[in-house]
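Keeping their order, the protein sequence lines are chains A and B.
In this text, residue positions in the first sequence follow our numbering: the first is 19, and each later residue adds one.
In this text, residue positions in the second sequence follow our numbering: the first is 19, and each later residue adds one.
See structure below.
2 protein chains.
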Amino acid sequence: MNKINIKYLAKELNLAISTVSRALRDSHEISAATKAKVFALAKELNYEPNPNASGLRGQKTKMIAVVIPDMVNDFFSLVISGIEKITQSKGYHILLYFTHGDHELEVSFIKTLANGRVDGVLLSMSSENNNRHHLGELEKKGIPLVMFDRVCDTLQHVVKVTTDNYESAVIATRHLIDAGCKKIAYLQVHKNISVGKIRMKGYLDALQQHSSQASPLVLESANDNEETFQFLQQMLIKEKPDGIFASIEKLAVICYRVCEKIRLKIPEDIKVISFSNLQTASLLNPSLTTITQPAFDIGETAANELFQLINRKDKSVAVERNVVLKSRLIKGRSTARN
Amino acid sequence: MNKINIKYLAKELNLAISTVSRALRDSHEISAATKAKVFALAKELNYEPNPNASGLRGQKTKMIAVVIPDMVNDFFSLVISGIEKITQSKGYHILLYFTHGDHELEVSFIKTLANGRVDGVLLSMSSENNNRHHLGELEKKGIPLVMFDRVCDTLQHVVKVTTDNYESAVIATRHLIDAGCKKIAYLQVHKNISVGKIRMKGYLDALQQHSSQASPLVLESANDNEETFQFLQQMLIKEKPDGIFASIEKLAVICYRVCEKIRLKIPEDIKVISFSNLQTASLLNPSLTTITQPAFDIGETAANELFQLINRKDKSVAVERNVVLKSRLIKGRSTARN
DNA sequence: CTGTTAGCGCATTCAC
DNA sequence: GTGAATGCGCTAACAG
């Protein structure tokens with residue numbers, strides 16, 4: 019098993035190493051004939067340049083890191099698909115890291131990445147309002163960073179790609195109000211997620227400004243699906259809302275099941291709208307209206323922003339930019355039974 | 019912005035480069051005092067070894083590649099989560115590639131990987147019964163390979179991790195037969211996926227051996243969900259099966275919706291069992307029985323197998339092993355309304 | 001216990 | 001147009 023490197027190619031062709039190197043990079047100072055010979059042999063032997071060597075030499079790795087909390091929901095799967103599309107087209111490689119919501123792990127990843135392992139970093143934070151000192155490390159080393167979805171509000175001089183969580187929550191709530199709902203409940207995830215809070219603020223503000231509803235009605239999901247099911251059932255029976263706004267799709271699915279059990283027809287008896295990335299909920303019931311985040315777009319956009327940073331000439335000037343992508347409201351059918 | 023490398027550390031501490039290097043690797047031939055000094059400064063300056071340099075030197079990259087078709091279904095998300103757990107614990111990094119079912123892309127990825135970019139490769143094939151010449155390239159370069167889920171049956175001397183698709187399909191079908199179903203339909207994905215074929219074979223064999231059902235009843239899904247919905251509805255009305263075996267979860271969800279529309283109660287009127295990775299279907303209806311693939315386990319197992327190959331001493335002997343993981347049958351509740 | 005040296009594979013500068 | 005030499009940062013063999 020002989021190692022195929024430019025040295026080997028050079029020896030085979032009776033050329034100097036540097037000549038082979040230049041030929042492979044299609045340098046204009048190499049004759050066409052020589053280039054042809056080199057290319058031919060390289061192809062025949064399946065030569066691939068050693069990435070460590072060229073990385074070490076050129077301070078370029080052709081790799082970017084993607085750091086996300088995890089992959090349990092389809093949102094990040096879609097984001098990564100978008101990232102992959104761009105990365106692939108640029109001839110780059112993706113290094114993938116999961117923080118599992120652990121800030122320490124995030125810090126440790128970023129530190130490791132800060133020494134020339136990658137040309138750039140795409141980050142969705144493990145948790146918000148944390149120490150963000152570690153991100154400065156990247157900047158110090160001149161490694162571009164783009165944050166997406168779970169961004170750090172207080173951090174300046176960084177490119178951020180997010181969605182209009184507040185606005186779309188307002189739109190969703192207004193959608194129910196405009197449809198005639200007088201009592202709208204908001205199904206909230208129990209965790210302390212800022213995205214959820216922002217959405218709830220949209221719900222609250224829309225309610226206050228556009229509805230006569232006396233007070234908001236918020237239900238936090240329990241740890242367990244079955245428990246959430248029970249809570250929701252109690253709430254629906256006791257409070258009798260005529261509109262439901264679910265902050266995530268899973269809650270809409272549970273809600274759907276409760277409605278079925280207690281014989282509430284959607285959308286005749288109660289209207290439901292939900293944030294959603296996958297189409298399970300709407301597949302389940304085409305009458306369900308969804309607010310769909312452009313997850314794939316977020317990935318594409320974030321990756322494109324990162325490559326702009328990687329390729330720009332003057333790295334000394336910090337770039338700050340906020341890209342906000344719009345969610346789409348996909349209306350369900352007007353009757354439950356198609 | 020001064021570059022922090024061992025050379026810089028050495029100069030600062032008035033030590034030789036090699037001493038610093040050894041100290042950082044905690045070599046036993048360095049005095050405790052020196053080690054302490056080196057560690058202190060390294061930590062202070064946030065020193066991280068340059069991976070290209072150590073990779074080039076030691077022919078180790080601390081990276082593995084994961085090559086999968088895509089991420090659109092949750093199966094591969096779960097697999098990756100399992101891989102990540104192991105990879106993380108070994109201090110390794112994951113390079114992620116999507117083939118999008120394109121065999122040419124798979125070949126191109128593997129070729130690129132074959133030149134020292136990674137220490138090992140985890141592969142789920144883009145499509146089956148294809149040219150597998152490119153995999154020989156990895157072997158030639160001594161880069162270990164572990165295949166999972168979509169493996170190449172005809173390829174010898176390779177470690178493969180799969181699930182018991184045939185057996186679990188038999189079990190699923192028998193489950194319906196034992197529950198008293200006399201006419202069981204199989205919902206098949208329209209694509210030419212071998213996993214789907216294997217499952218159908220399990221259905222057919224179980225039917226033939228254990229049921230008095232005159233002939234099998236197979237429905238292929240259409241391109242479009244709504245179309246599939248219509249087809250399925252027609253089939254249920256016309257054929258009146260009392261059991262449904264769905265090869266993927268999405269089909270079970272659609273089936274569920276059809277049943278609801280034409281007022282068939284699950285499981286009283288019709289029993290449904292489905293392959294599933296996520297819990298959407300069973301969340302939807304706790305009476306649904308599912309065959310759950312151990313997706314996370316597949317990831318863990320495949321990664322563990324790969325690291326065994328990476329770390330073993332004698333790389334000259336080819337290893338062949340087939341690890342088959344068992345799917346779990348999760349019984350739904352006996353009544354639809356809880 | 002510590003220092004000197006060579007070389008991993010490649011790209012680039014300088015010679016010719 | 002081509003060849004020879006240098007160094008990217010690190011590790012390991014060899015000295016002392």
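Just so you know, even glycine gets a beta-carbon here, dropped at the ideal spot from N, CA and C.
Here the structure is a predicted model, which means the values were calculated and not measured.
Closer than 8 Å: residue i CB and nearest the ligand ATP heavy atom
i: glutamine 227 (chain A); result: Ligands in the displayed structure: none, and consequently the ligand ATP is not present.
Beta-carbon proximity list for residue i, same chain, < 6 Å, skipping 5 on both sides
i: arginine 355 (chain A); result: Confidence at arginine 355 (chain A) is low in this model, with a pLDDT of 39, below 50, so its placement is unreliable and no value can be given for it.
i: lysine 279 (chain A); result: none
i: glycine 100 (chain B); result: Phe314, Gly317 and Glu318
i: leucine 327 (chain A); result: Pro162
i: proline 312 (chain A); result: Leu343
i: leucine 123 (chain B); result: Thr117
i: valine 38 (chain A); result: Ile24, Leu27, Ala28 and Val56
i: proline 234 (chain B); result: Leu222 and Leu225
i: valine 213 (chain B); result: Asn183
i: serine 186 (chain A); result: Ile309 and Ser345
Start-to-end residues for the beta strand (DSSP E) that takes in residue i
i: glutamate 238 (chain B); result: 235 to 238
i: glutamine 206 (chain A); result: 202 to 206
i: serine 294 (chain B); result: 289 to 294
i: isoleucine 309 (chain A); result: 307 to 310
i: valine 164 (chain A); result: 163 to 166
i: glycine 138 (chain A); result: 138 to 141
Start and end residues, alpha helix (DSSP H) containing residue i
i: glycine 73 (chain B); result: 69 to 76
i: lysine 215 (chain B); result: 212 to 228
i: arginine 40 (chain B); result: 35 to 42
i: arginine 351 (chain B); result: It is not in any alpha helix (DSSP H) - arginine 351 (chain B) carries neither H nor E in the DSSP assignment.
i: arginine 192 (chain A); result: 183 to 196
i: asparagine 340 (chain B); result: That residue, asparagine 340 (chain B), is in no alpha helix (DSSP H); its beta strand (DSSP E) goes 339 to 343.
i: glutamine 326 (chain B); result: 313 to 329
i: isoleucine 24 (chain A); result: 24 to 31
Spatial distance of residue i from residue j (CA atoms)
i: phenylalanine 94 (chain A); j: histidine 111 (chain B); result: 19 Å
i: alanine 83 (chain B); j: alanine 132 (chain B); result: 11 Å
i: isoleucine 262 (chain B); j: isoleucine 104 (chain B); result: 37 Å
i: alanine 58 (chain B); j: asparagine 64 (chain B); result: 10 Å
i: alanine 264 (chain B); j: leucine 343 (chain B); result: 20 Å
i: glycine 317 (chain B); j: leucine 96 (chain B); result: 7 Å
i: lysine 283 (chain B); j: lysine 349 (chain B); result: 17 Å
i: lysine 21 (chain A); j: serine 334 (chain B); result: 16 Å
i: proline 259 (chain B); j: threonine 307 (chain B); result: 17 Å
i: asparagine 23 (chain A); j: glycine 73 (chain B); result: 16 Å
i: leucine 31 (chain A); j: lysine 55 (chain A); result: 8 Å
i: glutamate 286 (chain B); j: alanine 270 (chain B); result: 16 Å
i: serine 345 (chain A); j: isoleucine 266 (chain A); result: 14 Å
i: arginine 43 (chain A); j: glutamine 106 (chain A); result: 20 Å
i: asparagine 183 (chain B); j: aspartate 88 (chain A); result: 27 Å
i: histidine 193 (chain B); j: threonine 180 (chain B); result: 22 Å
i: arginine 135 (chain B); j: valine 176 (chain A); result: 30 Å
i: aspartate 332 (chain B); j: lysine 289 (chain B); result: 53 Å
i: isoleucine 102 (chain A); j: cysteine 199 (chain A); result: Before going further, note that residue 102 (chain A) is glutamate rather than isoleucine in the sequence given. In a straight line, the C-alpha of glutamate 102 (chain A) is about 42 Å away from that of cysteine 199 (chain A).
i: isoleucine 13 (chain B); j: tyrosine 115 (chain A); result: Residue 13 (chain B) is absent from the structure shown; chain B starts at 19 and stops at 356.
Cut-off 8 Å between Cβ atoms - residues of its own chain near residue i, not counting five sequence neighbours on either side
i: proline 69 (chain B); result: Thr79 and Lys80
i: lysine 129 (chain B); result: His152 and Glu155
i: glutamate 338 (chain A); result: Gln174, His175, Val176 and Val177
Contact set for residue i: own chain, Cβ-Cβ below 7 Å, skip 5 residues either direction
i: valine 188 (chain A); result: Gly220, Asp223 and Ala224
i: arginine 150 (chain B); result: Cys170 and Leu173
i: leucine 141 (chain B); result: Val85, Leu163 and Met165
Query raised in the report: Which residues, in chain order, does the stretch 167 to 182 of chain B contribute to contact with chain A at a C-beta distance below 8 Å?
Result: Look at the stretch 167 to 182 of chain B: it has no residue with a C-beta under 8 Å from a C-beta of chain A.
Query raised in the report: For the stretch 109 to 132 of chain B, which residues have a CB atom closer than 7 Å to at least one CB atom of chain A, in sequence order?
Result: Of all residues in the stretch 109 to 132 of chain B, His111, Ile112, Leu113, Leu114, Phe116, Lys129, Thr130 and Ala132 have a Cβ within less than 7 Å of some Cβ in chain A.
Requested in this report: Write down every uninterrupted run of the alpha helix (DSSP H) in the stretch 86 to 125 of chain A whose length is 4 residues or greater and which is fully enclosed by it, in chain order.
Outcome: Qualifying alpha helix (DSSP H) stretches, in chain order: 92 to 107.
Query raised in the report: Closer than 8 Å, Cβ to any Cβ of chain A: which residues of the stretch 261 to 281 of chain B, in chain order?
Result: Contacts with chain A (Cβ-Cβ distance below 8 Å) from the stretch 261 to 281 of chain B involve Lys268, Val271, Ile272, Tyr274, Arg275, Glu278 and Lys279, listed in chain order.
Requested in this report: Taking only beta carbons into account, state which residues of the stretch 59 to 74 of chain A come closer than 9 Å to chain B, listed in chain order.
Outcome: From the stretch 59 to 74 of chain A, only Asn64, Tyr65, Glu66, Pro67, Asn68, Pro69, Asn70, Ala71, Ser72, Gly73 and Leu74 have a Cβ closer than 9 Å to chain B.
Requested in this report: Run through the stretch 256 to 283 of chain A for me and flag every whole beta strand (DSSP E) of 3 or more residues, listed as ranges in chain order.
Outcome: Secondary structure in the stretch 256 to 283 of chain A: the beta strand (DSSP E) runs of 3 residues or longer, each lying completely within the stretch, are 261 to 264 in chain order.
Requested in this report: Residues of the stretch 236 to 247 of chain A with a CB closer than 9 Å to any CB of chain B: list them in chain order, please.
Outcome: Only those residues of the stretch 236 to 247 of chain A whose C-beta falls short of 9 Å from the nearest C-beta of chain B are listed: Asn243, Glu244 and Phe247.
Query raised in the report: In the stretch 137 to 151 of chain B, which residues sit with their C-beta less than 9 Å from some C-beta in chain A, listed in chain order?
Result: Against chain A - using a Cβ distance shorter than 9 Å - the stretch 137 to 151 of chain B contributes no residues.
Query - the stretch 35 to 50 of chain A: positions lying closer than 7 Å to chain B by Cβ - result: Listed by position, the residues of the stretch 35 to 50 of chain A near chain B (Cβ gap below 7 Å) amount to none.
**Report entry** Proximal residues, the stretch 212 to 233 of chain A versus chain B, C-beta separation under 9 Å
**Finding:** For the stretch 212 to 233 of chain A, which is checked against every Cβ of chain B, not one residue is closer than 9 Å.
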